[in-house]
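Colleague:
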Amino acid sequence: MVAPEAPDDESLRVELQEALVTYRQILSQFIQTAGILIAAAVAFASYAFSQRIAVILLVATAFPIYTLVYYTIVASEIGPLNDLVLRIERRLRIREDSLGATLARTTPGKMIPAGSHIEDLTDEEVRHLNLKWELRWSAISIVGYTAIAVQIVLFVLSLTVFHYRFL
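Numbering (the working numbering), first residue to last: 4 to 170.
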């Protein structure tokens, strides 16, 4: 017969499960919100081109800005959650195949400094680990900056070259 696990381990496992579910829900919500904002920007731009109204192109520029702001909010929530997952995994003695380390490695914005491995850190180093996304120059941020720049250029071109009306 297998002896039951200590209550501490069981409560830690529940906390780990809840932290991972929260992590997944936050990222899923970001992806859904980004999809809605991108679809809205495309709809506004399409309408602006079909009606030849330049100011709607300028309004469509707000959607990538909203996406970048929301990305910053999500990034500020994900870093501490990932820290928590790593700490709980260490307390449960999960060192190999750590889901927290995998999540930190696969995040679009770099959370781990180049050349370091979370699995090699001591328990004390993991306790003091403070993972943060490098927001300004991650791939998602660069795509957002490019989308904003393209829409502003389209706005200017629609007024100057194509002679769209402003309102």
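Every residue, glycine too, gets a C-beta built ideally from N, C-alpha and C.
1. Starting from the C-beta of A150, find all residues in its chain whose C-beta is less than 7 Å away, skip the five residues before and the five after it, and write them out in chain order.
2. For the pair the segment 145-160 and the segment 39-49, tell me if three or more CB-CB distances fall below 8 Å.
3. How far does the alpha helix (DSSP H) with Y74 in it extend, from its first residue to its last?
4. Once DSSP output is grouped into helix, strand and coil, what is the label at R168?
5. For Q20, count neighbouring Cβ atoms within 10 angstroms of its own Cβ and tell me buried if that reaches 16, exposed if not.
6. For the 8 Å Cβ check, are there 3 or more pairs between the segment 124-131 and the segment 20-37?
7. Measuring CB to CB, does A57 end up less than 8 Å from Q154?
8. Check for me: the alpha helix (DSSP H) holding E127 runs from which residue to which?
9. Under the assumption that V72 contacts I29 (Cβ atoms under 8 Å), give the Cβ distance between them as a whole number of angstroms.
Modeller: Let me spell this out:
1. Locating residue 150 in the sequence shown gives position 147, counting from the first residue. Contacts found: P67.
2. yes
3. On the sequence shown, position 71 is the one that residue 74 refers to. Segment 65-94, the alpha helix (DSSP H) holding Y74.
4. Working through the sequence shown from its first residue, we reach residue 168 at position 165. In this structure, R168 counts as strand in the three-state DSSP scheme.
5. As a first step, residue 20 must be located in the sequence shown, where it is residue number 17. Exposed, by the Cβ-count rule.
6. no
7. Counting from 1 along the sequence shown, the entry for residue 57 is found at position 54. Counting from 1 along the sequence shown, the entry for residue 154 is found at position 151. Result no, Cβ atoms of A57 and Q154 do not sit closer than 8 Å.
8. Sequence index remark: in the sequence shown, residue 127 carries index 124 (1-based). It spans 126-130 - the alpha helix (DSSP H) in which E127 sits, taken as one unbroken run.
9. Residue 72 sits at position 69 when you count from the first residue of the sequence shown. Residue 29 sits at position 26 when you count from the first residue of the sequence shown. Not a contact, Cβ separation roughly 15 Å.
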